[in-house]
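K.L.:
Structure provided below as structure tokens; questions to follow.
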Amino acid sequence: MNNVYFDEAGNSGFQLLDPVQPVFVLASNCFDESTATEMIKLLNVQKGGEAKFKNFKTSDKGQRKIVEFLKTVITENEKVKVTVYHKKYMAMGLLLDYLVEPQFAERGMNFAANKYNIITNNIFFHLMDIVMVQVL
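Residue 746 in our numbering is what sits at position 88 of the sequence shown, and the numbering runs on without skipping anything.
Below you can see the structure in the form of structure tokens.
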């Protein structure tokens, strides 16, 4: 039987505009027990411990372990999914979903038609920093 595992990085809660962690990543995998055990062995993590990137990134040995691990993961790529969110972009999209989309719907229009929601989000996302610098 396969197990499904999820892990995240960059979770700063409701602080979507946190400049220290601008990106949120959610990763999942679905491996059978023996494959998962073999992959964990590559990282040489103590039983029950968690493989934290910060513990591997600073040494040559740790970096080699990460590379070997990722080489193995690549061979199993259909069992791994990663989703990356830029928090500020996502926050802008949420604002448009809650403030603009209902106004369109009220008038019988579809804000997502012809990708207007994405176009508008991109414009606001890229202009927001320029506008905020001039305002502040």
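Cβ coordinates follow ideal geometry from the N, Cα and C atoms, glycine included.
Measure the C-alpha to C-alpha separation of Glu736 and Asn661 and round it to an integer number of angstroms.
P.N.:
Working through the sequence shown from its first residue, we reach residue 736 at position 78. Working through the sequence shown from its first residue, we reach residue 661 at position 3. If I take the Cα positions, the gap works out to 14 Å.
K.L.:
Since Val678 and Ala667 should fall inside the 8 Å C-beta cutoff, what is the C-beta to C-beta distance between them, to a whole number of angstroms?
P.N.:
By one-based count along the sequence shown, residue 678 stands at place 20. By one-based count along the sequence shown, residue 667 stands at place 9. No, Val678 and Ala667 are not in contact; Cβ-Cβ is about 13 Å, not under 8 Å.
K.L.:
Using the Cα positions of Asn713 and Gln761, report the straight-line distance between them to the nearest angstrom.
P.N.:
Within the sequence shown, residue 713 is the residue found at index 55, counting from 1. Within the sequence shown, residue 761 is the residue found at index 103, counting from 1. Cα to Cα, the separation comes out at about 49 Å.
K.L.:
Which term fits Met750, buried or exposed, when burial requires 16 or more other beta carbons within 10 angstroms of its beta carbon?
P.N.:
As a working note, residue 750 is residue 92 in the sequence shown. Buried, since its Cβ has 16 or more Cβ neighbours within 10 Å.
K.L.:
Glu759 and Asn775 look like a contact to me (Cβ under 8 Å); what is the Cβ gap, rounded to whole Å?
P.N.:
Numbered from its first residue, the sequence shown carries residue 759 at position 101. Numbered from its first residue, the sequence shown carries residue 775 at position 117. Contact flag correct, Cβ pair sits at about 7 Å.
K.L.:
Ordered along the chain, which non-local residues of its own chain (more than five positions away) have a Cβ less than 6 Å from that of Val703?
P.N.:
Along the sequence shown, read from residue 1 onward, the residue named residue 703 stands at position 45. The answer, listed in chain order, is Ala709.
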